[in-house]
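Undergrad:
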Amino acid sequence: MSAQQTTLETTSLKRDYYHLIINGEKVESSNNNVFETVNPATGQIIARVAKASQEDAERAVTAAREAFDHGKWRKYPINRRAQTMNKIASIMRSRFNEIVELEILDTGKSLHAAQGQVTQAIEDFEFYAGAIVGHRGSVNNVPGQFHNYTEKEAVGVCAQIIPWNYPLMMAAWKIAPAIAVGCSVVVKPASLTPLTAIILGEICLEAGVPAGVVNIIPGSGSEVGNYLVEHPKVDKVAFTGSTPIGKDIMGKASQTLKRVTLELGGKSPNLVFEDADVDAAVDGSLFGIFYNTGQSCEARSRLYVHEDIYDEFVEKFVEKTKKLQLGDPFDKSTHVGSIIDQGQLDVIDGYVKSAIEDGADILTGGKPAQIEGFEGGFWYEPTVIANVNHDMTVVKEEIFGPVVVIMKFKDEKEAIRLANDTEFGLGSAVWSKDGARATRVANLIQAGIVMVNCPFSAFPGTPFGGYKQSGFGRELCIETLDLYTETKSILSYYGSRPLNPFGL
Ligand code: NAD
Ligand code: MG
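Per the numbering used here: the sequence shown ends with 491, consecutive numbering throughout.
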C-alpha cells in the first residue's frame, strides 16, 4: 500500500489514475485491484480507479471510527466546522470548470446539466455551513424545580452509498450534512461514476477536514457496499439507489439497528389540467422527463393530460421532443446526453419493446439513437408513448431513461386516483392556473415533492425524499441534520431539598 500527498492545488483533476481516500491519504487498494471508468458518450475508457476491497472498507471504517471517537472534528466549535465547509465550497468554485468537465466525461451528461449540478453541490456545502450554526436542541416544559434540555449529538460513523446518475451532487447531499454535525463518513460511489466523489474527498482534505472524517472507497456494491451495511461499527447507512437494493439494505442494517435513510426509485406523475398555461406545461413537462436523459429518480415519467386539451398538448409536446438536441455533451446547445451504459440502454429499450407488445403507440423515438461522432456511446431517442393503461409494465415500473407515457383524464378525482396508483411516492407535478385547485391536488397527492407550475424539484434547503416505496428520510434540508444526529435529553433537578422518591 502506498500513500501519497493529498495536495490538490498543483494537480490536474483529469488524470489517468485515481486513488482511494482512506484516513486522509490517497492510497492503492489492498490487493492492487483497479477498474476502468468509461465515458458513456463515446464508450472510451477515461481513467483507471483503485477498486476497494473489503479489507479497504475495514480500513476506512476503522479510520472513520477513530476520527469520530477520538478525533477533533466533532469537538471543534460549530463555527470552525462551518468555516471548513465554506472552504470546501470555495475550493470547488475555484475548480468549477474542471469539476464540470470531469463529471461530463464520467457520465455523458450535458454541459448545462453538469453545470447546474456542480453548482448545487457547492451550494449544499454553503447551505449546511449556515444551517449547522442554527441547528440546536430544545428546552422543554417539566415540573417546577426540574430543568430539561436536549442536545443534538452526531450519530457516528455513516456509510453513504450513492448512485451514478448525479455522482457529485449525491456525494455532496450525503457528505455535507453528515460532516456538518460532526459525523465521519465512508462514501461508496457507484462504480460507473467514481471520479468526482474522489475529487470531492480530496477537496475536503485540502480544506482542512481532518484525516478519517471523509473516506471515499469506490468498489462493488455487493461486496464493499454490503460490507459497510453489515459492519457493526457503522452507526448509520444513508443510501440512494434502486428500491430492491434499498429493501435489502434495510433488512441487513436491522441486525445492528443502524439508523437508515433511503432515497429510492420513483414513477412520478405529472398532471396537466385544462386550465393550465399549456405552453409552460409543455416546456416544464419536457424538462421534467428529459432532463439528465431521464435518469432521475424524480423524473416525471407518467404524464396525465385533461381530455379537453389532450390533443393540443400532445401535438406540442411531441413537436418539442423532436427538437431536443442529442450530441456532444460539451456543446452548449445539447439538451440530452447519453445513457450511462449498455446495460441501462438495454433496460430502456426492453421497456419500450414491452410497451409496443402491449399495444401502446410510440409517438416519437422508441429506439437507440445514432449520433455522428459518438458511435461508440450509449444513446437513446427521447421517447413519447401513448395509448397506455395502468396494467402495462411501462406505466408501472421505473425506466430510468428518456421515456414518458401519456394518458388522458376527465376530472380532478380521476387525475388524483391515477397519480396515486403506484407503489412509489417521490415526485409529482401539477399544472393549473387555478391556485385553489393546485393546492387541493397538491394536498391529495401521496408524494414527498409536489411541483406546482414548476419544472424544478429542489434547491438547497427544500426537503427531498419519498413516500411509500420511494424511501424515507429527507435530504438537502434542515431536517436532514436531525437524521445525522441523536437527540439526548438532559433532565436535571435543582430543588433545594434532596429528592427521596422511595421514601426510605
Ligand atoms: P443501485 O441500487 O443498483 O446502486 C446504488 C448504489 O448501491 C451503488 O453505489 C451500488 O454499487 C450500491 N449497491 C449495489 N448493491 C448493493 C448492495 N447489495 N449493498 C450495498 N450497496 C449496494 O442503483 P443505481 O443503478 O446506481 O441507480 C439508479 C437507481 O437509483 C434508480 O432506481 C433511481 O430511482 C435511484 N435513485 C434515487 C434517488 C432518490 O433520491 N430517491 C436519487 C438518484 C437515484
Ligand atoms: Mg463513467
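Idealized CB from N, CA, C, for every residue including glycine. Only a predicted model underlies this, so the values are computations on that prediction, with no experimental measurement involved.
1) DSSP three-state call for methionine 237: helix, strand or coil?
2) Taking contact to mean at least 3 C-beta pairs separated by less than 8 Å, is the stretch 248 to 263 in contact with the stretch 277 to 297?
3) Does the stretch 361 to 372 come close enough to the stretch 389 to 396 that 3 or more CB-CB pairs lie under 8 Å?
4) If you measure from the CB of threonine 137, is any heavy atom of the ligand MG nearer than 8 Å?
5) Measuring only the C-alpha atoms, how far is isoleucine 232 from tyrosine 153?
6) Whose C-alpha, out of Arg424, Val216, Lys420 and Val428, is nearest the C-alpha of asparagine 407?
7) Among Asn279, Ala373, Ile236 and Asp348, which one has its Cα closest to the Cα of serine 444?
8) I need the straight-line Cα distance from glutamate 15 to arginine 61, nearest angstrom please.
9) Do valine 105 and alanine 69 have their C-beta atoms closer together than 9 Å?
10) For phenylalanine 446, is the classification buried or exposed, using 16 other Cβ atoms within 10 angstroms of its Cβ as the cut-off for buried?
11) What alpha helix (DSSP H) runs, 4 residues minimum, are completely inside the stretch 146 to 232?
12) The beta strand (DSSP E) that contains tyrosine 480, what's its start and end?
13) Taking C-alpha atoms, which residue in His134, Ile296, Asn20 and Cys170 lies nearest to alanine 54?
14) Can you tell me which of Phe304, Ser325 and Lys307 puts its alpha carbon nearest to the alpha carbon of leucine 313?
15) Report yes if the C-beta of leucine 187 is less than 8 Å from at least one heavy atom of the ligand MG; otherwise report no.
16) Compute every distance between the C-beta of proline 546 and the non-hydrogen atoms of the ligand MG, then say whether any falls below 8 Å.
17) So within the stretch 426 to 490, which uninterrupted alpha helix (DSSP H) runs reach at least 4 residues, ignoring any that extend past its ends?
18) Which word fits phenylalanine 226, buried or exposed, when buried means at least 16 other C-beta atoms lie within 10 angstroms of its C-beta?
19) Which residues does DSSP list as the beta-bridge partners of isoleucine 393?
20) Classify serine -11 as helix, strand or coil using the three-state DSSP reduction.
21) Threshold first: 3 residues or longer. Then list the beta strand (DSSP E) segments lying entirely within the stretch 9 to 59, N to C.
22) Which of the three DSSP states, helix, strand or coil, is assigned to cysteine 284?
23) Roughly how many angstroms lie between the CA atoms of tyrosine 4 and alanine 37, to the nearest whole one?
24) Check valine 120 in the structure and name its three-state DSSP category.
25) Expressed to the nearest angstrom, what Euclidean distance is found between the alpha-carbon atoms of lysine 59 and valine 168?
TA: Result, derived from the coordinates:
1) helix
2) yes
3) Output reads yes: the stretch 361 to 372 touches the stretch 389 to 396.
4) no
5) 18 Å
6) Val428
7) Comparing C-alpha distances from serine 444 to each of Asn279, Ala373, Ile236 and Asp348 shows the shortest one belongs to Asn279.
8) 28 Å
9) no
10) exposed
11) 154 to 168, 182 to 194 and 213 to 217
12) 472 to 480
13) The shortest Cα separation from alanine 54 among His134, Ile296, Asn20 and Cys170 belongs to Cys170.
14) Ser325
15) no
16) The structure shown does not extend to residue 546, since the chain is modelled only from -12 through 491, so no value can be given for it.
17) 465 to 470
18) buried
19) Leu290
20) Note that serine -11 has pLDDT 48, beneath the 50 cutoff, so the model's placement of it is unreliable and the number below is only indicative. In this structure, serine -11 counts as coil in the three-state DSSP scheme.
21) Here the runs fully enclosed are 12 to 14, 21 to 26 and 31 to 37.
22) Coil.
23) So the two alpha carbons sit approximately 8 Å from each other.
24) Helix.
25) 13 Å
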